[in-house]
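Everything on this sheet refers to the single structure shown next.
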Amino acid sequence: GLIRASNTTPVLVLRFEGHTQDAMQRIESDMLALLRRVKPDAQIEAAAH
96 GLIRASNTTP
106 VLVLRFEGHT
116 QDAMQRIESD
126 MLALLRRVKP
136 DAQIEAAAH
């Protein structure tokens, strides 16, 4: 997983990939859990992509 600052808006961009759909979902879940640990009040929204 990847978390980076957006170049155009004041948000963080999160990207996930895995060898399988299950692996990608596990990575996404793990990364979101870590993000919530360091920033519990983070507003997390799905992108329209």
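Per the numbering used here, the sequence shown starts with residue 96, numbered consecutively.
Every residue gets a Cβ at the ideal spot worked out from N, C-alpha and C, and that includes glycine.
Computed from a prediction, not measured in an experiment: that's the story for all the values here.
Residue(s) in a DSSP beta bridge with residue i
i, result
"VAL108", "ARG99"
DSSP-derived helix/strand/coil call for residue i
i, result
"GLU123", "helix"
"ASP117", "helix"
Any non-hydrogen atom of the ligand MG within 8 Å of residue i CB
i, result
"VAL108", "This structure does not include the ligand MG; it has no bound ligands of any sort."
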